[in-house]
Structures are given as structure tokens and as C-alpha cells.
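S.K.: Residue numbers (this note's numbering): 781 to 991.
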């Protein structure tokens, strides 16, 4: 009987030791999970749909000098002053495209002046009810260009177009491009008269700039 009791006590001690070891092991595993990994922030991540999305690291800009502007990029100040000097009433400022917008009877006039590396003078009329085709009607659109040049004091355009000194670069059903023959030694670059059919209007523009 004493031998049986001793064996029973030893078995009980073994079970207690094994149970304690298991508890300790489980506690260690709750603090350390070798199967989990910390994602590198420069690696690709995935959205809720599982699609990979690249993570772009911010680039260091310290010590990189910005290239200064040659001209004045303050389009709003320059253009609104230009409109006032021309006696044009400003309807609103188109911040997205950088234009001063003004009513011109049933149409709209848009102006832009200024720039960083190119100092631009740009004028545009949007005709919302014009039915005049571009092709075969060069004289009509040249006259409209002369009228716009007069409104914004583009004297060289007004003189060259009025004297018929220009070259038709392109003429089609949706686009008309006319280049003026201007004798100018100021360094001004003349882009030309351009007319194009858009979805809701016909756009006529004159532009020039300094490099």
C-alpha cells in the first residue's frame, strides 16, 4: 500500500510540473510571435481591395536651390492691372486657368499676363453663338482678330492683320492658324492668331511673349 501511495504522489508531481511548464511556455508565446513581421515602410502596401499601392518616400530638399523666375509670375496682379489699364471691367478671376474674365456682349473675353520664364500677353474671345465655319472664311476671322487686337492694344497684330501681312499656317474645319508678318526688334515672339471650334463655343486668341 505504501508503494502504491508513493507512485501516485510521484505521478501527481509530474503532472503539476508539466502543467507549470506549459503555462510558462504559453506566456512566452503571448509576448513573442516569430511568425509576425514588421512591414518595411518603403515596401508596397495594399488597399482594401488587395491592390498594391506604392509608398513614395519623401525626397530630401535640403540644400537644393530653387531656380529664380526671370519675370513676374503673379498673374492675378499683373492681369487685373492690365485689364484696368485697358478700361475692361473684370467679371471674375478664373483661378484654375489663370485668366481675368470679362463680358463682351454675349461672348466672354479672357486675358492673361505674366509668367516665370516667359512673360506672356494672351487675349481670347469665346463666341458662344457663332455659326461661321473656319474653313473658307479667313477674311471674316482675320477681321475678328483685328477687333480683338484693338481691344487689348496689340498694335503689331492690328497693323499686320489690317494690312493683309500674314501667312495662313493651317486651315481646316476645326482649326485656323494665321501668323502675322511683324517687323519687331524688341525680342517679342508672336504666336499668331488661332481660331478653333470647341464643344460649346468657338475660341479666337492672340498671344505674344518675351523670352
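Glycine included, each C-beta is placed from N, C-alpha and C at the ideal position.
Does the segment 874-892 come within contact of the segment 901-920, defined as at least 3 CB pairs closer than 8 Å?
M.R.: Yes, they touch.
S.K.: Which same chain residues, not among the five before or five after residue 805, have their C-beta less than 7 Å away from its C-beta?
M.R.: By 1-based counting over the chain shown, the position of residue 805 is 25. Note that residue 805 scores 36 on pLDDT, short of 50, meaning its location in the model is unreliable and no value can be drawn from it.
S.K.: Counting only runs that start and end within the segment 929-989, where is the alpha helix (DSSP H) found for 4 or more residues in a row?
M.R.: The segment 929-989 contains these whole alpha helix (DSSP H) runs: 935-942.
S.K.: What do you reckon, are the CB atoms on residue 961 and residue 945 nearer than 8 Å?
M.R.: Taking the chain shown and counting its residues from 1, one reaches residue 961 at position 181. Taking the chain shown and counting its residues from 1, one reaches residue 945 at position 165. Result yes, Cβ atoms of residue 961 and residue 945 sit closer than 8 Å.
S.K.: Can you check whether the CB of residue 899 is closer than 8 Å to the CB of residue 959?
M.R.: On the chain shown, residue 959 is found 179 positions in, with the first residue counted as 1. On the chain shown, residue 899 is found 119 positions in, with the first residue counted as 1. Going by C-beta atoms, residue 959 is not nearer than 8 Å to residue 899.
S.K.: Since residue 956 contacts residue 975 with CB under 8 Å, what's their CB separation in whole angstroms?
M.R.: As a working mapping, residue 956 is identified with position 176 in the chain shown. As a working mapping, residue 975 is identified with position 195 in the chain shown. With 8 Å as the limit, residue 956 and residue 975 qualify as a contact, their Cβ atoms being about 4 Å apart.
S.K.: Below 6 Å CB to CB, which residues in the same chain sit around residue 859 once its five sequence neighbours on both sides are set aside?
M.R.: The sequence position of residue 859 within the chain shown is 79, counting from 1. 880, 891, 892 and 893, listed in sequence order.
S.K.: How far does the beta strand (DSSP E) with residue 902 in it extend, from its first residue to its last?
M.R.: By 1-based counting over the chain shown, the position of residue 902 is 122. Per DSSP, residue 902 belongs to the beta strand (DSSP E) from 899-907.
S.K.: So residue 954 packs on residue 977, CB below 8 Å; how close in whole Å?
M.R.: In the chain shown, residue 954 corresponds to position 174, counting from 1. In the chain shown, residue 977 corresponds to position 197, counting from 1. About 5 Å separates the two Cβ atoms, so the contact holds.
S.K.: Under 7 Å Cβ to Cβ from residue 971, same chain only, skipping five residues before and after it: list those, please.
M.R.: As a first step, residue 971 must be located in the chain shown, where it is residue number 191. So the qualifying residues of the chain are 987 and 988.
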